[in-house]
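If you're matching positions, the sequence shown starts at 1 in full-length UniProt numbering and goes up one per residue.
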Amino acid sequence: MTGDLAEIVLHISQDRGVSASDPDCGVNAMVNYTLGESPSRTNHFYMNTRDYKVFQVSASDPDCGVNAMVNYTLGESPSRTNHFYMKSVSGEICIAQDLDFESRSSYEFPVVATDRGGLSTTAMVRIQITDVNDNEPIFNPVEYNVSLRDDIQTTTAFAVVLATDRDSDRFGTISYKIVTGKDANLFRIDRSSGELFVTRGNFLSRSNSYHINVSAMDGGGNKCSQDAQVNINIINSHMPIPLFQQSTYSFVVPEDVFKNSIVGTIKAATSDSDQSNPIRYTIHSGDPEGYFTLDSTTGVIRTAATLDHEVTGVLLLSVQASSGSPPLYSYAQVKVTIEDRNDNAPEFESTTIRLSVPESAALGLPLYTVVARDKDSGDNGKIRYHLASGNFGDSRLFAVDQTSGHLSLSKHLDYETSQRHTIVVSATDQGDPPMSSNLTVLLEVQDVNDNPPVFERSEYFVSVSEALPAKSQVRTTCTPLYVLVEGQCSLVCWSTLRLMTHSTLKSELNSPLGSNSFQLSIL
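Right, here's the structure in full:
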């Protein structure tokens, strides 16, 4: 898999007895990931291969020994499901279940890197599933019975065939073609709309019926496994065949309309003024969920169920008009567009996250990227981020980019002042009225070695017996820090003091005492 390489660097610092300005101080967690190109037929295979490595994260820790060992885990996220798993040692994120773009096109979940010292960092992983051409066009219905007058004009569409494809973009774009039938040259089809026409007029009376097969192919080259069969019955021009006023209709209806609301009206007519053979309308195909009803006598289409733009944005119906006995038929296509309304608030993957940030974190660099999704489209689905609240009062320590969601510092953190902060980030869409939701960020400040050692007192007095033998311990209570003691007396040599478990300092006498007092400088 090839693609662009993106790198996220997160910093965690912990006290190791060195200066915070030391370049080796802290833990640098690096998340490296490679995103693939749009899948071809070759990488269509791996997109649905279990245990395939999607990408790999890696973290480096300058500590030594077991504290430098890093384990990786997938953080909890309501939307992650069980489609991915992570190898704790290598940091590889792999596919656990087959992916399907048509069922779900994206996943977001946190990745947590934790060292053996207990320090951790979190990064948000966003996986966008790229559609591949894994669906073929399907005709619904697969058989059309059409009544056709022998004097029909070459510019009049006498039927419309319809196929659908679950894939997106060009993979879901369908073209039609007449493929078989001994009289196929007598008809033509619009490759895009599926409308059928005769190639020339006044020739159809030589036969009572014709049969042609129509094939559908999508933009990726997949053909339908079952062609549509069109049975054409030729009737005399004086017979009252119902003809639609339009071969295609287009209606727009908002998703929040009430049931039984009018969507639109279709109309067919015959040349026969005799009302004894009225026209009857039916929905032939395209509405398996029963969203609409069609009045069989008036041609009025109404809503029969609750509509949802996020579930189905466009429906293509095949409608039929029939008249007489035996009935004569004609068909038309109805496109119903479900118009979006701002009925969904932005949603975060979780309501609360926890972050650990060193107090030495730089200003302006992203600490974390908050991500919310809105199921609505257009402005109703456009999200802006802002800080809703925090415990920092008038001193605004944090900032969030309203577009990217990058959370950063606007002022330096100080562990000695405050070890924890609670930040509430709000995501608001651009609908009218707008809708919003909140994410609570619990931020823990990590201490770094940014303060020099301070003794509790400026002077310490110790009494030592002159009979004390060499190599004896001299003890005094002191601040538990690493310090260096040096002496100027020729009779005693002092070595580096070592920290004891009971908060005492120890030095060893290298020769017997021979003076009443000594003055030491502790540096």
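Beta carbons are placed, not taken as given, at the ideal position from N, Cα and C, and that holds for glycine. Nothing here was measured: the structure is a model prediction, and the numbers come from that model.
(message) Just to confirm my understanding: we take Ala388, look at its own chain, exclude 5 residues before and 5 after, and list those with CB closer than 8 Å. What are they?
(response) Val424, Val425, Ser426 and Asn438
(request) Check whether the Cβ atoms of Glu143 and Arg126 sit closer than 8 Å, and answer yes or no. (result) Contact flag unset, no.
(message) So, for Asn233: in the same chain, excluding its five sequence neighbours on each side, which residues have a beta-carbon less than 6 Å away from its beta-carbon?
(response) Ser147 and Ser209
(request) Grab me the residues of Val253's own chain with a C-beta within less than 6 Å of its C-beta, minus the 5 sequence neighbours each way, in chain order. (result) Val263
(request) Name the residue from Gln56, Thr164 and Lys259 whose alpha carbon lies nearest to the alpha carbon of Gln333. (result) Thr164
(message) I need the straight-line Cα distance from Pro346 to Ser285, nearest angstrom please.
(response) 35 Å
(message) Would you call the segment 307-324 in contact with the segment 178-194, where contact means no fewer than 3 C-beta pairs closer than 8 Å?
(response) Contact annotation: the segment 307-324 does not touch the segment 178-194, with fewer than three C-beta pairs closer than 8 Å.
(request) Tell me, please, whether the segment 365-378 touches the segment 396-407 by the rule of three or more beta-carbon pairs shorter than 8 Å. (result) Contact between the segment 365-378 and the segment 396-407 is present, because at least three Cβ pairs lie under 8 Å.
(request) Starting from the N-terminal side, write out each stretch of the beta strand (DSSP E) that is 3 residues or longer and does not extend beyond the UniProt domain "Cadherin" (245-348). (result) 248-254, 262-265, 280-285, 292-294, 300-303, 314-323 and 328-339
(request) Find out if the Cβ-Cβ distance for the pair residue 601, Tyr176 is shorter than 8 Å. (result) Shown here, the chain extends from 1 to 523; a query on residue 601 therefore has no answer.
(request) Give the DSSP-derived three-state secondary structure of Ala184 in the structure shown. (result) helix
(request) Hey, could you find the ends of the beta strand (DSSP E) Thr440 is sitting in? (result) Ser436 to Gln446
(request) Express the C-alpha separation of Ser106 and Met86 in angstroms, rounding to a whole number. (result) 18 Å
(request) Measure the CB-CB distance between Val57 and Thr114 and report whether it falls below 8 Å. (result) no
(request) Starting from His386, follow its DSSP beta bridges and name the residues at the other end. (result) Ser426
(message) What does the alpha-carbon distance come out to for the pair Ile266 and Ala157?
(response) Looking at the two C-alpha atoms, the distance is approximately 16 Å.
(message) Please report the distance separating the alpha-carbon of Gly487 from that of Thr417.
(response) Model confidence at Gly487 stands at a pLDDT of 36, short of 50, so the residue's coordinates are unreliable; what they give is reported in the following sentence. Distance between the alpha carbons of Gly487 and Thr417 is about 38 Å.
(request) Please state whether DSSP places Val31 in a helix, a strand or coil. (result) Confidence is the limiting factor: at Val31 the pLDDT is only 37, short of 50, which leaves the residue's position unreliable and the question unanswerable from this model.
(message) In this structure, how does DSSP classify Asp167 when only helix, strand and coil are distinguished?
(response) Reduced to three states, the DSSP call for Asp167 is coil.
(request) Provide the residue span of the beta strand (DSSP E) that contains Ser356, from first to last. (result) Looking at the DSSP string, the run of the beta strand (DSSP E) that includes Ser356 is Thr352 to Pro358.
(request) Could you tell me whether the segment 217-228 touches the segment 237-247, where touching means 3 or more Cβ pairs closer than 8 Å? (result) Here the segment 217-228 makes no contact with the segment 237-247; the two share fewer than three CB pairs at distances below 8 Å.
(message) Going by beta-carbon coordinates alone, are Arg166 and Glu102 separated by less than 8 Å?
(response) yes
(message) With the cut-off set at 8 Å, would you say Asp376 and Ile383 are in Cβ contact?
(response) The answer is no: Cβ separation not under 8 Å.
(message) If the criterion is Cβ atoms closer than 8 Å, does the pair Ile178 and Ile212 meet it?
(response) yes
(request) Pick helix, strand or coil for Asn135, following the three-state DSSP scheme. (result) coil
(message) With a threshold of 6 Å on Cβ separation, who are the neighbours of Gly91 within its own chain once the five nearest residues in sequence on each side are excluded?
(response) Gln56, Val57, Ser58 and Tyr72
(request) Would you mind working out which of Leu328, Arg170, Asp340 and Ile301 sits nearest residue 525, comparing C-alpha positions? (result) Nothing about residue 525 can be reported from this structure: the residues present for the chain run from 1 to 523 only.
(message) So, under 8 Å CB-CB, Ile235 and Arg149 are touching, yes? Tell me the CB distance rounded to an integer number of Å.
(response) 6 Å
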